[in-house]
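J.: What the sequence shown shows, in the working numbering, is residues 110 to 612, in sequence order. Pasting in a structure now, in structure tokens, and then I'll have a few things to ask.
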Amino acid sequence: MGDSVAIEASARRRRAARRSASLMPEDGECAAACGSPVAANISRVNGRTKRDRSLETTSKTERKRRTCDPSERLSCHKTQDSLLSSASGYNKYRGILNWCVVMLVLSNARLFLENLLKHGILVDPIQVVSLFLNDPYRWPAACLVIVANVFVLVALYTERQLSKGSFSERLGFLVHAINMGVLITFPAAVVLLLPSVTPVGGASALSIYTILFLKLYSYKDVNLWCRELSSIKVKKLSRSLSCPSQQHWSGGDCKVSYPGNLTIRDMYYFVFAPTLCYELNFPRSPSVRVGFLLRRLCEMLFFTQVLVALAQQWMVPIIRSSMKPLEDMDLSRMTERLLRLAVPNHLLWLMFFYWFFHSSMNFTAELLRFGDRQFYNDWWNSETVTYFWQNWNIPVHKWCLRHFYKPLLRRGFSKKVSQSAVFFLSAFFHEYLVSVPLRMFRLWAFMGMMAQIPLAWFVGRFLRGNYGNAAVWISIIIGQPFAVLMYVHDYYVLHHRQEVDGL
Ligand SMILES: CC(C)(COP(=O)(O)OP(=O)(O)OC[C@H]1O[C@@H](n2cnc3c(N)ncnc32)[C@H](O)[C@@H]1OP(=O)(O)O)[C@@H](O)C(=O)NCCC(=O)NCCS
Numbered sequence: 110m111g112d113s114v115a116i117e118a119s120a121r122r123r124r125a126a127r128r129s130a131s132l133m134p135e136d137g138e139c140a141a142a143c144g145s146p147v148a149a150n151i152s153r154v155n156g157r158t159k160r161d162r163s164l165e166t167t168s169k170t171e172r173k174r175r176t177c178d179p180s181e182r183l184s185c186h187k188t189q190d191s192l193l194s195s196a197s198g199y200n201k202y203r204g205i206l207n208w209c210v211v212m213l214v215l216s217n218a219r220l221f222l223e224n225l226l227k228h229g230i231l232v233d234p235i236q237v238v239s240l241f242l243n244d245p246y247r248w249p250a251a252c253l254v255i256v257a258n259v260f261v262l263v264a265l266y267t268e269r270q271l272s273k274g275s276f277s278e279r280l281g282f283l284v285h286a287i288n289m290g291v292l293i294t295f296p297a298a299v300v301l302l303l304p305s306v307t308p309v310g311g312a313s314a315l316s317i318y319t320i321l322f323l324k325l326y327s328y329k330d331v332n333l334w335c336r337e338l339s340s341i342k343v344k345k346l347s348r349s350l351s352c353p354s355q356q357h358w359s360g361g362d363c364k365v366s367y368p369g370n371l372t373i374r375d376m377y378y379f380v381f382a383p384t385l386c387y388e389l390n391f392p393r394s395p396s397v398r399v400g401f402l403l404r405r406l407c408e409m410l411f412f413t414q415v416l417v418a419l420a421q422q423w424m425v426p427i428i429r430s431s432m433k434p435l436e437d438m439d440l441s442r443m444t445e446r447l448l449r450l451a452v453p454n455h456l457l458w459l460m461f462f463y464w465f466f467h468s469s470m471n472f473t474a475e476l477l478r479f480g481d482r483q484f485y486n487d488w489w490n491s492e493t494v495t496y497f498w499q500n501w502n503i504p505v506h507k508w509c510l511r512h513f514y515k516p517l518l519r520r521g522f523s524k525k526v527s528q529s530a531v532f533f534l535s536a537f538f539h540e541y542l543v544s545v546p547l548r549m550f551r552l553w554a555f556m557g558m559m560a561q562i563p564l565a566w567f568v569g570r571f572l573r574g575n576y577g578n579a580a581v582w583i584s585i586i587i588g589q590p591f592a593v594l595m596y597v598h599d600y601y602v603l604h605h606r607q608e609v610d611g612l
């Protein structure tokens, strides 16, 4: 009995000793804090080196004090900031980002369900055809696109005559000017005068003509630069430039030199290539990757369907319901509709960006083995409006810099004047692409583009970092639906009034 009591007492003592030992820092920690190298190794084995380095250095002295001072060994608190205080320096918000995505999906799912319950299924892929064609036996927009080849051939012919010396530089310039003048006015006249051209068909044809205008302008400039360069070379080296017009690159592709580039094949390669800036020798990819090509094709088809479905199911009902508040000039309701439209409009715009700048352009580039795939940059990180315009549409930005902005700077115009001139040209084309197909001139797109100049100044001057980035996003998210609503409202009022007048 006495033995069992003694054993029980000694076991209790052992348990108490173990408990107090577990509250104390381990040997390695204490010794490491006290500076023993052996103990430091032990502490590394215990995994303490995995801790954040910065935190370790700041709390080193504190730990040293606590581990060596027996009265501090039992402490479980230390001086530290809460994670959400900016003083804590904490920046790992991945979980919060995921939460944002989950919230976004959930709130949009609710909107989606509400939309379905209210309107039923409005998606109708066949209706899309009617956006392009009024009459299935007449394809005016497609005919316009076919006619565009005439302008391409005139530009090529002019350049050939210039290279042979049959046209003087002055005559060549005149022919190019007339060709490009007609290129931009002729389709506009057809769209305005021919009632069978639908707004969507007209906008598509005019977009192709605008792209062609920018391409032919670049073609003319580059060939002129080549002639200037070769005449300088001729003067310098006093030898003719009758070198073979085609040389072989190490990569196997032919390297073309002026005037060997003035062929139909070269011209049409440029017309179809996903760039607006002409070059005699574009960088080429070694081969066509079939898998990559098919992935881009699937994305194109998928996003086309999604874009159409979202526009029909989500945007059109909101736009329809916005007409009354707009007509009544009911400001609070107008703002509510604008904000309501902002979400689907923005989603559509983002999808359009991916569809056009990633899927379609990469598809075309892969097919043509066009090597330069920088069609966009990280515009989503824009902290200034200037950065956004430099990075969201690289082909247009490159063209603006090479053929308009830098030539203006070289002629002695100031940066501000040159930038304003670029935005003016861009505003003109934005208005051209909207007003002509809608057959009404309201200048909303023009003003939206010109407003970028004061906006760029304001954001650059007063906002920095995340605030600048938020300002860029807000201008995109709110600015676009505002313009959309204005155009749709004006279009509706114009046609509604015409119908009423006709009765
Ligand atoms: C106007 C615009 C061209 C200005 O571009 P930017 O990059 O801000 O212009 P910068 O003043 O920084 O200068 C750009 C280039 O000009 C060069 N440059 C500057 N001053 C120069 C001068 N006096 N002479 C020659 N070159 C000069 C710079 O070195 C720089 O060259 P780099 O690109 O080779 O580095 C640009 O904002 C733009 O493209 N806007 C329109 C975009 C648009 O409408 N897009 C439509 C999409 S739908």
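Yeah, the Cβ is synthetic: ideal placement off N, Cα and C, and Gly gets one too.
1) Could you tell me how far apart the beta carbons of Leu477 and Tyr378 are, in whole angstroms, since I believe they sit closer than 8 Å?
2) Give every residue of the same chain whose Cβ lies closer than 6 Å to the Cβ of Phe513, excluding the five residues on either side of it in the sequence, and list them in chain order.
3) Quick one: does the C-beta of Met558 sit closer than 8 Å to a heavy atom of ligand 1?
4) What does the Cβ neighbour count give for Gln236, buried or exposed, with the cut at 16 atoms within 10 Å?
5) Tell me whether the stretch 270 to 285 and the stretch 374 to 390 touch, counting them as touching only if at least three CB pairs, one residue from each stretch, are closer than 8 Å.
6) Is DSSP giving Val306 helix, strand or coil here?
7) Hey, is Ser469 close to ligand 1, as in C-beta under 8 Å from one of its heavy atoms?
8) If we count the other Cβ atoms within 10 Å of its Cβ and call it buried at 16 or more, is Leu457 buried or exposed?
9) How about Arg519: is its Cβ closer than 8 Å to a heavy atom in ligand 1?
10) If you reduce the DSSP assignment to three classes, tell me which class Arg336 lands in.
11) Compare the beta carbon distance of Leu265 and Ile428 with 9 Å and say whether it is the shorter of the two.
12) Identify whether His357 lies in helix, strand or coil by the three-state DSSP scheme.
13) May I ask you to report which of helix, strand or coil DSSP gives Arg519?
14) Alpha carbon to alpha carbon, how far is Leu552 from Ile205?
15) Who pairs with Arg393 in a beta bridge, going by DSSP?
16) Ligand 1 and Asn575: does any heavy atom of the ligand fall closer than 8 Å to the residue's C-beta?
17) Return the Cβ separation of Asn575 and Asn490 in integer angstroms, given the expectation that the two are a contact with Cβ distance under 8 Å.
18) According to the Cβ coordinates, are Phe466 and Tyr485 closer than 9 Å?
19) Return yes when at least one heavy atom of ligand 1 lies under 8 Å from the C-beta of Tyr318, else no.
20) Would you tell me roughly how many angstroms separate the C-alpha atoms of Phe401 and His228, rounded to the nearest one?
21) Please go through the same chain and pick out, in chain order, the residues whose beta-carbon is closer than 7 Å to the beta-carbon of Ala418, but skip the five residues on each side of it.
22) Give the secondary structure of Leu265 by DSSP, where H, G and I count as helix, E and B as strand, and everything else as coil.
23) Please classify Val343 as buried or exposed, where buried requires at least 16 other C-beta atoms within 10 Å of its C-beta.
24) Does the Cβ of Arg519 have 16 or more other Cβ atoms within 10 Å, making it buried, or fewer, making it exposed?
25) If the criterion is Cβ atoms closer than 9 Å, does the pair Pro590 and Ala474 meet it?
26) Between Pro434 and Met424, which are expected to be in contact by the criterion C-beta below 8 Å, what is the C-beta distance as a whole number of angstroms?
27) For Arg404 and Gln414, what's the separation of their Cα atoms in angstroms?
28) Can you name the residues that DSSP bridges to Leu613?
29) Count the other CB atoms within 10 Å of the CB of Leu222; is the residue buried (16 or more) or exposed (fewer)?
30) Taking just the CA atoms, how far does Gly480 sit from Leu440?
31) To which residues of the same chain is Trp248 closer than 8 Å at the C-beta, ignoring the five residues directly before and after it?
32) Alpha carbon to alpha carbon, how far is Trp334 from Arg446? Give it in angstroms, no decimals.
33) Is the closest heavy atom of ligand 1 to the C-beta of Leu385 under 8 Å?
34) Flag this pair as touching only if the stretch 294 to 303 and the stretch 540 to 560 have three or more C-beta atom pairs under 8 Å; answer yes or no.
35) What residue from Leu240, Val593, Trp582, Pro563 has the CA that sits closest to Val309's CA?
36) Can you name, in chain order, every residue of its own chain whose Cβ lies under 8 Å from the Cβ of Ser316, other than the five neighbours on each side?
T.: For this structure:
1) Residue numbering aside, residue 477 sits at position 368 when the sequence shown is read from its first letter. Residue numbering aside, residue 378 sits at position 269 when the sequence shown is read from its first letter. The pair is a contact, with the Cβ atoms about 7 Å apart (cut-off 8 Å).
2) The count along the sequence shown starts at 1 and reaches residue 513 at position 404. The residues are Val531.
3) In the sequence shown, counting from the first residue as 1, residue 558 sits at position 449. The answer is yes for Met558.
4) Within the sequence shown, residue 236 is the residue found at index 127, counting from 1. It counts as exposed.
5) The way I'd put it, the stretch 270 to 285 doesn't touch the stretch 374 to 390; fewer than three beta-carbon pairs between them come closer than 8 Å.
6) Within the sequence shown, residue 306 is the residue found at index 197, counting from 1. Val306: strand per DSSP, three-state reduction.
7) Locating residue 469 in the sequence shown gives position 360, where the first residue counts as 1. False, no ligand heavy atom lies under 8 Å from that Cβ.
8) On the sequence shown, position 348 is the one that residue 457 refers to. Taking every protein chain shown into account, the CB of Leu457 has 16 or more other CB atoms within 10 angstroms, so this residue is buried.
9) The residue you call residue 519 lines up with position 410 of the sequence shown. Because some heavy atom of ligand 1 lies under 8 Å away, the Cβ of Arg519 counts as near it: yes.
10) As a position in the sequence shown, residue 336 is number 227, starting the count at 1. Arg336: helix per DSSP, three-state reduction.
11) Along the sequence shown, read from residue 1 onward, the residue named residue 265 stands at position 156. Along the sequence shown, read from residue 1 onward, the residue named residue 428 stands at position 319. Contact flag unset, no.
12) On the sequence shown, residue 357 is found 248 positions in, with the first residue counted as 1. With a pLDDT of only 46 at His357, under 50, the local geometry of the prediction cannot be trusted, and no value is derived from it.
13) Here residue 519 corresponds to residue number 410 of the sequence shown, with the count starting at 1. Residue state, collapsed to three classes: helix.
14) On the sequence shown, position 443 is the one that residue 552 refers to. On the sequence shown, position 96 is the one that residue 205 refers to. Approximately 42 Å between the Cα atoms of the pair.
15) Residue 393 sits at position 284 when you count from the first residue of the sequence shown. Paired residue(s): Phe479.
16) Here the question's residue 575 lines up with position 466 in the sequence shown. False, no ligand heavy atom lies under 8 Å from that Cβ.
17) Numbered from 1 along the sequence shown, position 466 holds the residue referred to as residue 575. Numbered from 1 along the sequence shown, position 381 holds the residue referred to as residue 490. The beta-carbon distance between Asn575 and Asn490, rounded to whole angstroms, is 10 Å. This is too long to meet the 8 Å contact definition.
18) As a working note, residue 466 is residue 357 in the sequence shown. As a working note, residue 485 is residue 376 in the sequence shown. For the 9 Å CB-CB criterion, Phe466 and Tyr485 form a contact.
19) As a working mapping, residue 318 is identified with position 209 in the sequence shown. Tyr318 Cβ: outside cutoff for every heavy atom of ligand 1.
20) Counting from 1 along the sequence shown, the entry for residue 401 is found at position 292. Counting from 1 along the sequence shown, the entry for residue 228 is found at position 119. Computed Cα separation, rounded: 39 Å.
21) Looking up residue 418 in the sequence shown gives position 309. Answer for Ala418: Val232, listed in chain order.
22) As a first step, residue 265 is located in the sequence shown; it is residue number 156 there, counting from the start. Here DSSP, grouped into helix, strand and coil, assigns Leu265 to helix.
23) For the purposes of this step, residue 343 is taken as residue 234 along the sequence shown, with counting starting at 1. Val343 is exposed by the Cβ-count criterion.
24) Looking up residue 519 in the sequence shown gives position 410. By the beta-carbon neighbour count (other beta carbons within 10 angstroms, threshold 16), Arg519 is exposed.
25) Taking the sequence shown and counting its residues from 1, the one referred to as residue 590 is at position 481. Taking the sequence shown and counting its residues from 1, the one referred to as residue 474 is at position 365. Their beta carbons are not under 9 Å apart, which means Pro590 does not touch Ala474 by this criterion.
26) Locating residue 434 in the sequence shown gives position 325, where the first residue counts as 1. Locating residue 424 in the sequence shown gives position 315, where the first residue counts as 1. Pro434 to Met424, Cβ: 16 Å. No contact.
27) On the sequence shown, position 295 is the one that residue 404 refers to. On the sequence shown, position 305 is the one that residue 414 refers to. CA-CA distance, Arg404 to Gln414, rounds to 16 Å.
28) Lying before the first or after the last residue shown, residue 613 is absent from the chain, which here runs from 110 to 612.
29) As a working mapping, residue 222 is identified with position 113 in the sequence shown. Around the CB of Leu222, fewer than 16 other CB atoms lie within 10 Å, so the residue is classed as exposed.
30) Within the sequence shown, the letter at position 331 stands for residue 440. Within the sequence shown, the letter at position 371 stands for residue 480. Distance from the CA atom of Leu440 to the CA atom of Gly480, rounded to whole angstroms, is 51 Å.
31) By one-based count along the sequence shown, residue 248 stands at place 139. Excluding residues within five positions, the ones whose Cβ falls inside 8 Å are Leu242.
32) Numbered from its first residue, the sequence shown carries residue 446 at position 337. Numbered from its first residue, the sequence shown carries residue 334 at position 225. Approximately 52 Å between the Cα atoms of the pair.
33) Position 276 of the sequence shown, counting from 1, holds the residue named residue 385. With a cut-off of 8 Å, the C-beta of Leu385 is classified as distant from ligand 1, since no heavy atom of the ligand falls inside that distance.
34) The answer is yes - the stretch 540 to 560 touches the stretch 294 to 303, with three or more Cβ pairs under 8 Å.
35) Residue numbering aside, residue 309 sits at position 200 when the sequence shown is read from its first letter. Nearest of Leu240, Val593, Trp582, Pro563 to Val309, Cα basis: Leu240.
36) For the purposes of this step, residue 316 is taken as the residue at position 207 of the sequence shown. Cβ within range, chain order: Leu542.
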